[in-house]
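This report concerns only the one structure given below.
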Amino acid sequence: MGSVQTDQVTMTSSTASRSYLGSAKSVLLLAAGAFMLANMYLIFMWAPTEAVMGHVQRIMYIHVPMAWLAFLAFFIVFVGSIMYLWKRESRWDMLASSAAELGVVFTSLVLITGPIWGKPIWGIWWTWDARLTTTLVLWLIYVSYLMLRAYSSNRSQGALYSAVLGVIGFVDVPIVYFAVNWWRTQHQRLVIGTGSLEGSLNADMRTTLYFSLLAFTILFSFLLWQKISMKRTEEDLRSIRYSKELTRGARIER
Amino acid sequence: MKEFLRPVFLVTWKDILLELRSREVVIASMVFAVMVVVIFNFALNVTPETVDILAPGILWVAFAFAGVLAMSRAFVIEKDQGSLEGLLLCPVSRDSLYFGKMLALFLFMTVVEAVLLPIFAVLFDFSAFSFTLIGVILLATLGFATVGTLFSSIAVNTRSREIMLPVLFFPVITPVIIGAVETSTGAIGSSVNVIGVGRWLQLIAVFDAVFLVLCPWAFGLVMEE
Amino acid sequence: MNRSEGTPAIKVVGLHKDFGDYPVLRGLNLTVEWGRLLVIFGANGSGKTTLLKLLATQYRPDRGEIWVGGIRRSQDPVAIRRIIGVVAHQPMLYQDMTCQENLTFFGRMHGLDDIPRRIDDVLHKVGLEVRRHQRVRTLSHGMQKRLAIGRAILHDPPILLMDEPESGLDQEALASMGDLLRMEAGSNRTAVMTTHNVDRGLAWGQEVAVLSDGVIAYKADRDSLDEGRFRGTYLKQIEVAP
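These protein sequence lines map, in sequence, to chains R, Z and X. Residue numbers 492 to 745, in my numbering, belong to the letters of the first sequence in order. Residue numbers 4 to 228, in my numbering, belong to the letters of the second sequence in order. Residue numbers 1381 to 1622, in my numbering, belong to the letters of the third sequence in order.
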């Protein structure tokens, strides 16, 4: 009986803290919305048109932040995976897997916006340059991470296996980058202006880029949070459904 | 140390004995690799002018695909007969099981490659006996076996294991394949290697070293369930 | 083997295990004294196999602690594997190796000495002497099962864990299995086995327990068994089970 009461107390307190967190999340959502609107204004109205590339260059303000967030996401997967393997608490798995899903979405967008930007500038959709190729390999690694979760025979197995891959994949990334970079040096096929990107930007462009980074990071934080709380709700639902089944069973036994 | 190595060699010896009986891994991988070469020959229309550029790539695609075939068998054999549980119940560390399976896989893949290399050399007319080439084959195969043993043990426990293994394996192994192809191009063809064979070998060696530490650790976690 | 220190053969405290979907074991407690044969009953999916695999260090507990032969699972699983013998659903043998090769391999993996004598002994016990050089693939299901038992007792473990050892056996094999079990239990071996056959379990076990809702719902000595309550706990569980 005593244990039942404690359970209820913890449940109410966690519900209370969750509703508090829920309102914090709404604030974050509003912030993300406001910043993204301002961001769109800056990108499409305020930032000057690039002299050589023209309007298409504006895609950079979306492309670059997404690439940065994709790497951030995979770093979070790495940290979450290590913590899960160490503590075996499902919240670390929720963090890692949510970040992996977002990372794959953002990497996909990087791989889509890149060619849209590249086609008018380079005249080709795709080039096997070091950064693009590494991004593609990265995308493949984390797609296989999501597949591994989907194909695991149970939830905790999926969490364990994907955590292992979350560590292995991340450690692999620098090695992939080195290999691809040298491989590119070996096969110079077409030369792209790979001078420092920031150097070629004027002050307004740089401001826009940094603002966009901030706005997308806020959006990312909200999405990550949202993803995690969805997973937590799923888990709650499962345990409620299970405890209902148990009470039904217990009643019959009595 | 002896305590650690004894079960390693026992597991390897057991895998070799089973392979000698069933011949499931080596022969199948070999036949498969030859088929890959034949198909690539048609697909790329290899001529004496292009052979220097194309042969190393074909060689490594064949080795990598044959390797995946071999590594997929490594744990399917254990799983289908429930003997993996028997292994896990032995009073030895998970590390020694990992290294035992890895060593056996490495040997099988090396045997396959040792037979295929002269065949390739004849088909594509290059000299198979260069120390660089043999060195890179051994280093890269070690990398394949290191990562392959772990991923095979993971894939075998998932649904649709045949799909899972290559999907897991190929992205992670990319640096080794790139390095192996580049080094082999330097060894087989006349083309200048800008980066230098030594640095490519170093890169593969670093990969091997990193994953020789990571994979046994991960295997222990995976097998504890 | 800590037998002298008065620790029980198996002690489980507050054991939790789930596979991420729903809890299989929920705070299970269990003590088995040395030299006893405990039979655990439970419906399909009640967690019998999970419990045995946890005892055999094949799964890792989510919460709770396990002592086998006085050894703490979280401290030294390898030492536990040295003192247990396990019979699982699958025979855990290499089909393309002979009986002798299988036993030799697993004997060496256990670091045993005097392996040929042990193999003679074990093959005699399970009645497979004439099949010694036959590949496992060519043995019948029942014979494979018996060889699996031989494999489990090869290193003469003080504790035996058996998951439905009688499943898939014919009447004759069952009888010899019963003899074998009684013989082993008589040799002061501690054993835990699972079954869902009530009559056979009651005939074989010295102690019986019912696993239900992730805990040991009922446990008693065979001799002082309250049969009504036992059947009540077990059979009701079967009716309720979806």
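The beta-carbon is built from N, C-alpha and C at its ideal position, and this holds for glycine as well.
Where residue i sits in the DSSP three-state scheme
i	result
Z:M112	helix
Z:F129	coil
X:I1596	strand
R:D620	coil
X:M1573	strand
X:M1472	coil
Z:I140	helix
X:G1415	coil
Z:G85	coil
R:E541	strand
Z:G60	helix
Z:R162	coil
X:R1497	helix
Z:R202	helix
X:V1467	strand
X:I1451	strand
R:S494	Because the pLDDT at R:S494 is just 43, under 50, the model does not fix this residue reliably, and the value given afterwards should be weighed accordingly. If DSSP states are grouped into helix, strand and coil, R:S494 belongs with the helices.
Z:V11	helix
X:L1605	coil
X:H1504	helix
X:G1425	coil
Z:D98	helix
R:N693	coil
X:D1559	helix
Residue(s) in a DSSP beta bridge with residue i
i	result
X:L1410	X:V1392
X:K1397	X:L1405
R:I603	According to DSSP, which records beta bridges pairwise, R:I603 is partnered with nothing at all.
X:A1589	X:I1420, X:K1599
X:D1543	X:T1574
X:T1478	X:R1515
X:R1443	X:H1396
X:V1510	Bridge partners of X:V1510: none, in fact.
Contacts that residue i makes with chain X (C-beta to C-beta distance below 8 Å)
i	result
R:R549	In chain order: nothing, as chain X lies at least about 45 Å away.
R:A587	Correct list: empty, because the minimum Cβ distance to chain X is about 14 Å.
R:A650	G1400
Z:G89	M1472, L1473, F1486, R1531
Z:S25	D1476
Residue i: contacting residues in chain R (beta-carbon distance under 8 Å)
i	result
X:D1398	S647
Z:V225	L651, Y652, V655
Z:A221	V655, V658, I659
Interface partners of residue i on chain R, CB under 9 Å
i	result
X:D1401	N645, R646, S647, R729, Y733
Proximal chain X residues relative to residue i, where beta-carbon distance stays under 7 Å
i	result
R:A564	Those do not exist, as R:A564 stays about 23 Å from chain X at its closest Cβ, beyond 7 Å.
Residues that residue i contacts on chain Z, provided the C-beta gap is smaller than 7 Å
i	result
X:F1610	None at all; the shortest Cβ gap to chain Z is about 31 Å.
R:G660	V175
X:R1488	L13
Environment of residue i [buried if 16+ CB atoms lie within 10 Å]
i	result
X:E1481	buried
R:G594	buried
X:S1604	exposed
Z:T15	buried
X:M1563	exposed
R:W616	exposed
R:N530	buried
R:R640	buried
X:D1401	exposed
R:W537	exposed
X:G1394	exposed
Z:S32	buried
Within chain R, partners of residue i - CB distance below 7 Å
i	result
Z:P174	V628, L631, I632, S635
Z:G182	A670
Z:L62	None at all; the shortest Cβ gap to chain R is about 17 Å.
Z:F210	I666
Neighbouring residues, chain Z, relative to residue i (Cβ below 8 Å)
i	result
R:W616	Within 8 Å Cβ-Cβ: nothing; R:W616 doesn't reach chain Z, min ~21 Å.
R:A538	Neighbours of R:A538 on chain Z: none; closest Cβ ~36 Å, over 8 Å.
Cβ of residue i within 9 Å of any chain A Cβ
i	result
X:E1481	The structure shown has no chain A; the protein chains it does contain are R, Z and X.
Original post:
What residues in the segment 1461-1475 of chain X have a beta carbon less than 9 Å from any beta carbon of chain Z?
Top reply: With the criterion set as a beta carbon lying under 9 Å from some beta carbon of chain Z, the members of the segment 1461-1475 of chain X are R1461, R1462, I1463, I1464, G1465, V1466, A1468, H1469, Q1470, P1471, M1472, L1473, Y1474, Q1475, in sequence order.
Subject >> Residues from the segment 1497-1511 of chain X in contact with chain Z, defined by Cβ distance under 9 Å >> reply: Listed in sequence order: no entries.
**OP:** Closer than 7 Å, Cβ to Cβ, to anything on chain R: give me those residues from the segment 151-169 of chain Z, in chain order.
**Re:** Residues of the segment 151-169 of chain Z with a Cβ closer than 7 Å to any Cβ of chain R, in chain order: I157, N160, T161, R162, S163, M167.
Subject >> Residues within the segment 133-148 of chain Z neighbouring chain R, beta-carbon criterion of under 7 Å >> reply: Those residues of the segment 133-148 of chain Z that come within reach of chain R (Cβ to Cβ, closer than 7 Å) do not exist; the list is empty.
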